[in-house]
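Visitor:
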Amino acid sequence: MTMKIFRRVMPAAALLFFAAACSDITGDAGARVAGLTIEDGSGNVVASVSGSSVSGSVTVASGSERDLYVVLRDANGAEVNPGIASLIRVTVTNTQVAGWSDLGGGAGTLEGRADGTTTLRVDLLSAGVASYTSPAITVTVT
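Per this note's numbering, the sequence shown starts with residue 1325, numbered consecutively.
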């Protein structure tokens, strides 16, 4: 009797282990995301989000472009890598002031289009559904 239970439980346990191990690959990272950092090309943090709190802002000169990187973070500040089925989307509220060109993997170029202030939001999409959405982050174009 014990051997029959073992033979039935082991394949199910192996499948459960495999599914849990693949959660990072398939895009279940949204449950762990608690914030993010926006970093420049040198790795300097220009803005950060922890829960609903935003620190810093993003600036760019009018008529210029700035390469930036969105790094998702867990509650301890460790980097969270989105799975292959996930997408980091950056949305600028007023595209007449600034625009975002997505380069993939959280990298993008912020374009200053006109002097002013707008905001951007970051979403982690899993199968087209937002599993994380940041609060508004201020963008200033000078």
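A virtual CB, placed ideally from N, CA and C, is assigned to each residue, including glycine. Just so we're clear, the structure is a prediction, and the values are computed from it rather than from any experiment.
For chain B, find out if any of its Cβ atoms is closer than 7 angstroms to the Cβ of Thr1462; answer yes or no.
Guide: Judged by its chain identifiers, the structure shown contains no chain B, having just a single protein chain.
Visitor: Among Arg1390, Arg1397, Gly1401, which one has its Cα closest to the Cα of Leu1427?
Guide: Mapped onto the sequence shown, residue 1427 falls at position 103. The shortest C-alpha separation from Leu1427 is found at Arg1390.
Visitor: Please identify the residue among Thr1442, Val1446, Thr1361 whose C-alpha is closest to the C-alpha of Gly1401.
Guide: Working through the sequence shown from its first residue, we reach residue 1401 at position 77. Checking every option, the nearest Cα to that of Gly1401 belongs to Thr1361.
Visitor: Closest to Val1446 by CA distance: which of Gly1367, Trp1424, Gln1420, Ile1408 is it?
Guide: Position 122 of the sequence shown, counted from the start, is the residue given in the question as residue 1446. For Val1446, the nearest C-alpha among the options comes from Trp1424.
Visitor: How should Thr1417 be labelled, buried or exposed, when 16 other C-beta atoms within 10 angstroms of its C-beta is the threshold for buried?
Guide: In the sequence shown, residue 1417 corresponds to position 93, counting from 1. So Thr1417 counts as exposed.
Visitor: Tell me, which residues are paired with Ser1450 by DSSP?
Guide: Within the sequence shown, residue 1450 is the residue found at index 126, counting from 1. DSSP lists Ser1410, Val1453 as partners of Ser1450.
Visitor: Measure the C-alpha to C-alpha separation of Ser1458 and Gly1359 and round it to an integer number of angstroms.
Guide: By 1-based counting over the sequence shown, the position of residue 1458 is 134. By 1-based counting over the sequence shown, the position of residue 1359 is 35. Roughly 7 angstroms separates the two Cα atoms.
Visitor: Reducing DSSP to helix, strand and coil, say where Val1378 ends up.
Guide: Mapped onto the sequence shown, residue 1378 falls at position 54. DSSP places Val1378 in strand when its eight states are reduced to three.
Visitor: Just to check my reading of the structure: Thr1464 and Ser1381 have Cβ atoms closer than 8 angstroms, yes? What is that Cβ distance to the nearest angstrom?
Guide: For this step, residue 1464 is matched to residue 140 along the sequence shown. For this step, residue 1381 is matched to residue 57 along the sequence shown. Confirmed, Cβ separation roughly 6 angstroms.
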